[in-house]
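A short write-up of the structure that comes next.
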């Protein structure tokens, strides 16, 4: 179980997140949607403390962090359990594909290089890039780089995978390969929290769609319920526009 309680965030006078509560069960795929500027990316970044909430509690399994009392150790523990996949891949340009996956295992978790490499190669095989272990990021397509980014998150063997618009930086033809990987993870019941504007994709993978507006969760339900029968007027307009 992954849960958020009372997550709030303010930048200057602007309240970006307003007392957010959200529960995600093990094996559930929750897709977070809403217009640009509604707080989706900030919420995801708060989920593993890339952005520090002003208040609230984040819980992953039996581990929890209170936003008012965050230690460096607690932040590291949370990031191991809630792995983040960035829009722009976030790869180390000076490290090869395998090294990008194993770096966190070695440096953060203190794993021996040989053991980390075993996990890294298993992950490369899972994301369909076992033949690209020695490639530099500059030698990989955008889709391949994003698959490495997802692989790096998977290698942590955390409780939840958090993906912020994982295909938004990709050309349409490269988007497909990343979406296929995410569909595979969904079939394996990998717990995920994802933002996307691709409603067809969301409908295929989501257990639940959560609609945000003005820094708040407005409505949530099954893909069919939200896309075709949303009750909130803002949600109706959003799905009419994107579907």
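Numbering (the numbering used here), first residue to last: 134 to 376. Just so it is clear, CB atoms sit at the ideal spot from N, CA and C, and this is done for glycine as well. No experiment lies behind these values; they were computed from the predicted model shown.
- Secondary structure note for residue 284: its alpha helix (DSSP H) is the uninterrupted segment 275 to 288.
- Bounds of any beta strand (DSSP E) do not take in residue 364, whose DSSP letter is neither H nor E.
- Taking the Cα of residue 331 as reference, the smallest distance to any Cα among 179, 139 and 301 is reached at 301.
- Residue 372 and residue 354 have their C-alpha atoms some 13 Å from each other.
- In its chain, beyond the 5 residues on either side, 149, 150, 175, 179, 184, 186 and 187 have a beta carbon closer than 7 Å to the beta carbon of residue 142.
- With contacts defined by Cβ atoms closer than 8 Å, residue 229 and residue 264 do not form a contacting pair.
- With fewer than 16 other CB atoms across the displayed protein chains lying within 10 angstroms of its CB, residue 209 is exposed.
- Apart from the 5 residues on each side of it in sequence, residue 362 has no Cβ closer than 6 Å to any other Cβ in its chain.
- Bridge pairing for residue 150: 142 [DSSP].
- Here residue 316 has 337 and 338 as same chain residues with Cβ atoms under 7 Å from its own Cβ, once five neighbours each way along the sequence are excluded.
- DSSP, read as helix, strand or coil, puts residue 323 in coil.
- C-alpha of residue 374 to C-alpha of residue 204: approximately 43 Å in a straight line.
- In the DSSP assignment, residue 294 forms a beta bridge with 216 and 325.
- Shown here, residue 312 sits in a helix according to DSSP, grouped into three states.
- For residue 225, the number of other beta carbons within 10 angstroms of its own is below 16, and it is reported as exposed.
- Take the alpha-carbon of residue 222 and the one of residue 237: they are about 15 Å apart.
- Judged by DSSP secondary structure, residue 341 falls within the beta strand (DSSP E) whose first and last residues are 341 to 346.
- Leaving aside the five residues that flank residue 219 on each side, the residues in its chain whose CB is nearer than 8 Å to its CB run, in chain order, 282 and 297.
- When DSSP states are grouped into helix, strand and coil, residue 192 belongs to the strand group.
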